[in-house]
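Novice: In the numbering used here, the protein residues as written are 113 to 295.
1. Would the segment 246-255 count as touching the segment 215-232 if we require 3 or more Cβ pairs under 8 Å?
2. How long is the line joining the alpha carbons of residue 258 and residue 288, rounded to whole angstroms?
3. Going by other Cβ atoms of all chains shown within 10 Å of its Cβ, with 16 needed for buried, is residue 194 buried or exposed?
4. Specify the secondary structure class of residue 290 as computed by DSSP and reduced to three states.
5. List the endpoints of the continuous alpha helix (DSSP H) containing residue 170.
6. Report the residue from 271, 220, 142 whose alpha carbon sits nearest the alpha carbon of residue 204.
7. If we require 4 or more residues per run, which alpha helix (DSSP H) segments fall completely within the segment 179-247?
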């Protein structure tokens with residue numbers, strides 16, 4: 113069993129290493145949205161773990177863990193969706209069509225907006241677990257809170273950059289309101 117655990121750890125590390133190598137490369141994808149997605153997914157994983165260790169203290173621990181697991185899976189899916197969502201921006205930039213570019217930039221806000229919403233929820237859950245979860249896992253819950261906050265702020269920065277103050281004010285206001293809910 114130990115050999116299998118070592119193998120799984122090596123595989124996971126290879127995947128993360130390959131992702132980070134791709135993130136560092138001189139190409140358009142993956143980019144900030146994928147990085148924010150990984151950060152939010154990591155926060156979700158830590159919330160789920162902290163909740164599972166809080167079963168004796170919280171009657172809703174299993175529900176929190178299940179919600180965090182679902183958020184983690186969605187964040188991972190959004191990591192890949194981000195590149196596809198940004199592709200129309202790159203095309204519109206090449207065409208030089210300002211209207212198409214504005215629409216594409218607003219469309220590219222969908223992934224980071226969803227990540228921002230998820231980050232706010234994870235920050236709320238992590239904060240609850242810091243206060244009412246297993247005290248031995250308070251550090252992990254605090255790490256989840258910090259990661260959710262960082263991932264959410266990264267997503268908010270991407271939205272702000274995409275909108276550049278000239279686009280959909282409702283979308284910008286929604287993102288600002290959500291970002292204000294992060295600690």
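Yeah, the Cβ is synthetic: ideal placement off N, Cα and C, and Gly gets one too.
Since the model is a prediction, treat every value here as computed from it, not as a measurement.
Specialist: Taking the structure as given:
1. Remark: fewer than three beta-carbon pairs, one from each stretch, lie closer than 8 Å, so the segment 246-255 and the segment 215-232 are not flagged as touching.
2. In a straight line, the C-alpha of residue 258 is about 18 Å away from that of residue 288.
3. Here residue 194 is buried, its C-beta having at least 16 other C-beta atoms within 10 Å.
4. The DSSP-derived three-state label of residue 290 is helix.
5. First-last for residue 170: undefined, no H or E at that position.
6. Comparing alpha carbon positions, the residue from 271, 220, 142 closest to residue 204 is 220.
7. Segments of the alpha helix (DSSP H) lying fully in the segment 179-247: 210-219, 222-244.
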